[in-house]
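Since the structure comes first, as structure tokens, the remarks are kept for the end.
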Amino acid sequence: MPERTRRGPPRPTSPTPPADRPPAGPRRRAFTQAALAAPWVLVGPLGLGACGGSGDEGNDPPPRPIFPPAPPPLPAGPPVFGPPWPGFAGGAQHVAQAALASQPLARVRWRTPVDLAPPYSTTGSLRAHYGSPVISARNTVVLPLKQRADGGFRFEGRRGSNGELLWSLDSDLVLPPHDWVPVVNPVITAANRLVAPRAGGRLLVRADVDAATAPASSTAFYGDNVYVAAPAAYDATVRIHTPLTADAAGNVFFGFVVTGANPAGLTSGIARVGASGTGTWVAAAAAAGDAGMGQVAMNCAPALSADGATLYIAVNSPPGARQRGRLLALDSATLATRASAPLLDPASGTAAWVSDNATSSPTVGPDGDVYVGVLEAGAPAHHFRGWLLHFDAALGTSKTPGSFGWDTTAAVVPASAVPAYRGSSAYLLATKYNDYYGAGGTGQHRIALLDPHAAEPDRITPGVAVMREVISQLGPTPDPQVPEIYGGVKEWCINTMAVDVASRSILVNNEDGLLYRWDLVANHLVEPVVLTSGLGAAYTPTAVGPDGAVYAINNATLFSVVQ
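Numbering of the sequence shown is given in the working numbering, commencing with residue 742 and proceeding in unit increments.
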């Protein structure tokens, strides 16, 4: 949740536990106790407060979460060649679907830090968004390692079978001004190049993501000769502040923010760097047709239509008061504007809040519809859940929204993966469905599958029709910071969840420190694996490698989980 709620705003009313959402019962409690029944857990805390919920009060910081013993070193596994996970949410449409079955979840194969200086708050929560690992077809896992409090990034390529370091590549990337540490997310192109951000709004390109040694080069979207003429000026003022997205031809797209004057007259906007290295850009305000749109929304990964012709990205007003925003559709070849749609709260009809603390990014459905999450205009009027806004491909028609949009990028689930579904939609949307106690909710945090083409009254604002909930799962671990009468549970700490189509399941991490498989056939949580003893943190992704390994992040650490 936003930091405003993390400090525990007064709840407008005392919520009544909804009749169709009973408190966590004995089955859920027993399940969690069994999952946590490891000796190392018993000596440490089971959680450090919500992932942005109301339980972050107190004078003394709680102890850091405890890790289980490190798994023993492993020999390298056999060669692998399979479906890659090339970028944020698994690819340019952000559907987050694994193209092969994931391994059963049973143990941590290896782990490695993604942050050597985690920004813990005085109350023990971790205020950093960490980018998704990107994984090549030959099972090289690439992660950005933050080495200092102010950044100091190094990109590491590790062998997927055992976590062995294959290569590393330093970046002089400078983070933009921020509250929560923003996402740093490289991308692997179809030509097997690793492309990562660096200072001055430039891209760092490693020619082969799998090779132990490979040439690396840099390119500036505004021209390498322009950068060379005044490198200090550009390094100080131009900063990439979104994940990178690549199309099938190797063209790379991203948002950048400009914090001061520079010789080229650059202003914050959207950039495209072609596979040949040639760049172009457009200012956010010009693309939006709205002088108030000062930048691309921080952490918003650009998305592409299935044919690669249209680029979708959210822009917003400068940081300060609650930021309003627009969703843009741009020609992916020229960055010319095709459409600019205001992001409006469906309850009030006024500008929604497009926060720079979120990682919400557009998802493009199989039918071309576009989904993007926002916070409500009058937060916490909707319990800080926000809304998942829904548009047609041309952004000309606003369709039925979802009832949760805060810091979430919806994943796409084929309707055939859910036997209980009886509707007519070809696909469903997977999203977290938290209900924040500190903002008027019950603390009953769920993950849900929604039907984007069917509607029901919203439970909080009944006058708004929202996507129909098909199935959902309540978090399994009770939250002691919520009065027991409400049945509050630990939050689902996820911003984009990997969908295992073959196994008809979803892979999701929780504030309780565990990774779960959500079995969509039985609608049960199965195969819990302990990662840490849990903590409150900004939301993070899950991913699947070409050998079926599952990747999750908890407490500034990347975990590889296998059978």
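No residue lacks a Cβ here, since even glycine has one placed at the ideal position from N, Cα and C.
All values reported here derive from a predicted model rather than from experimental measurement.
In this structure, V1291 places its C-beta atom within 8 angstroms of the C-beta atom of S843.
Taking a contact as a CB-CB distance under 8 angstroms, the pair L944 and A957 does not count as one, their CB atoms being some 11 angstroms apart. DSSP places V1111 in no alpha helix (DSSP H) but in the uninterrupted beta strand (DSSP E) bounded by V1111 to V1115.
For Y968, the enclosing alpha helix (DSSP H) begins and ends at D965 to A970. Under DSSP, H1265 takes part in a beta bridge, and its partners are D1260. Membership of A953 in any beta strand (DSSP E) is not indicated, and neither H nor E is assigned to it by DSSP. If only uninterrupted alpha helix (DSSP H) runs of at least 4 residues are considered, those enclosed by the segment 984 to 1036 are 1025 to 1029. When the Cα atoms are used, I929 and E897 turn out to be separated by approximately 13 angstroms. Around the Cβ of H1265, a 10 Å sphere holds fewer than 16 other Cβ atoms; the residue is exposed.
Spanning the alpha carbons of D1108 and A890 requires a straight line of approximately 43 angstroms. DSSP places K1231 in no beta strand (DSSP E); its state is neither H nor E. When DSSP assignments are scanned along the segment 1076 to 1123, the uninterrupted stretches of beta strand (DSSP E) that are 3 or more residues long and fall wholly within it turn out to be 1078 to 1083 and 1111 to 1115.
Between the segment 920 to 927 and the segment 867 to 876 there are three or more inter-stretch CB-CB distances shorter than 8 angstroms, so the stretches are counted as touching. Look at E905 here: in three-state DSSP terms it is coil, with no helix or strand label.
For W851, the pairing in a beta bridge is given by DSSP as S1301. With respect to the C-alpha of D1288, the residue from G1277, L1276 and S1301 having the closest C-alpha is S1301. Using a 10 angstroms sphere on the CB of V1014, the tally of other CB atoms reaches 16 or more, which defines it as buried. The beta carbon of P1221 is closer than 7 angstroms to none in its chain, skipping five residues each way along the sequence. Annotation: P859 is outside any beta strand (DSSP E) and is labelled neither H nor E by DSSP. By the C-beta density criterion, I1201 is buried, having at least 16 other C-beta atoms within 10 angstroms. DSSP places R1200 outside any beta strand (DSSP E), giving it a letter other than H or E.
Contact between G901 and V821 holds: their C-beta atoms lie close to 7 angstroms from each other, under 8 angstroms. Judged by DSSP secondary structure, G893 falls within the beta strand (DSSP E) whose first and last residues are G892 to R900. Inter-segment contact for the segment 826 to 843 and the segment 1150 to 1163 is present: three or more beta-carbon pairs are separated by less than 8 angstroms. Sixteen is the threshold: since fewer than 16 other Cβ atoms of the shown chains lie within 10 Å of the Cβ of I1226, the residue is exposed. Measuring C-alpha to C-alpha distances from T954 to each of G942, R939, L935 and N966 identifies L935 as the nearest. In this structure, the straight-line span from the alpha carbon of F1132 to that of L1191 is close to 15 angstroms. Between W1128 and V1115 a beta carbon distance of about 6 angstroms is seen, short of the 8 angstroms cut, so the two are scored as contacting.
In this structure, D1097 keeps its C-beta atom at 8 angstroms or more from the C-beta atom of R1067.
With distances taken between CA atoms, W1259 lies nearest to T1283 out of G1277, T1283 and G1275.
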